[in-house]
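In the working numbering, the protein residues as written are 819 to 1007.
The beta-carbon is built from N, C-alpha and C at its ideal position, and this holds for glycine as well.
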Amino acid sequence: MKRIILILSFAFFCAFSYSQQKYAFVDTEYILENIPDYAAAQDKLDAYSIEWQKEIEAKFKEVDSLYKKFQTESVLLPEDIKKKREDGIIAKEKEAKALQKQRFGKDGDLYKKRQELVKPIQDKVYNAVEEIATEGGYGIIFDKSGSLTMLYASSKLDKSDDVLDKLGYKPGTVNDKSKDKKNKDKDKE
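Next comes the structure, spelled out in structure tokens:
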């Protein structure tokens, strides 16, 4: 009988202590908005994207121009020259599409630049979150900026500012959007 009571007591204690696990959440979007290096990386990515898009548009504009010129002159051209021009236009179009894929396709130049510029910052944020979880004894820290849906989240559990502090950044120093977002989140509670 004592054994059963002892086993039940131990099981109850384990279940109770397990249910006392600490949880918290962070908003990585908010955190990244408050890191100047991230804003600079985004600006660089935007600049690359705009530059590459202009380059691609110029290629397609050239193809369009060649095609229009070909249409106006095709009536007067012999068949062999028509075929050469058509082949030339098709080759230019393939070249433009290949450049577009190289720049913006899966594993393209933009993806590689994003990995080069943004991934180290994301890794620092992840490491800071991991340290906070370990130091604070948190079993789980949710990211509310992703696809996770939260019906209720107490602002006392938000560790986003702690992550920024751990990284050495002050909230609201990069732009005012993050302040507005943070205040809206607090107003919802």
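- Burial is judged here by how many other beta carbons sit within 10 angstroms of a residue's own beta carbon; L895 has fewer than 16 and is exposed.
- In the three-state reduction of the DSSP assignment, Y841 falls in the strand class.
- Exposed is the label assigned to D898, since fewer than 16 other Cβ atoms lie within 10 Å of its Cβ.
- If you check the CB distance, Q839 and G986 do not come in under 8 Å.
- At the C-beta level, R932 and L863 come within 8 Å of one another.
- In the DSSP assignment, Y956 falls within the unbroken beta strand (DSSP E) covering Y956 to D961.
- When the beta-carbon positions are compared, I950 and D976 stay at least 8 Å from each other.
- When secondary structure is reduced to three states using DSSP, D925 falls in the coil class, being assigned neither helix nor strand.
- In this chain, the alpha helix (DSSP H) harbouring K879 covers P854 to E891.
- Going by DSSP, D979 is part of the alpha helix (DSSP H) stretching over S978 to L985.
- Taking the CA atoms as reference points, K974 sits about 20 Å from Y944.
- Ranked by Cα distance from R921, the options E911, V844, E873 and Y885 are led by E873.
- For L895, no alpha helix (DSSP H) run applies, since DSSP gives it neither H nor E.
- For T846, the enclosing alpha helix (DSSP H) stretches over residues T846 to E851.
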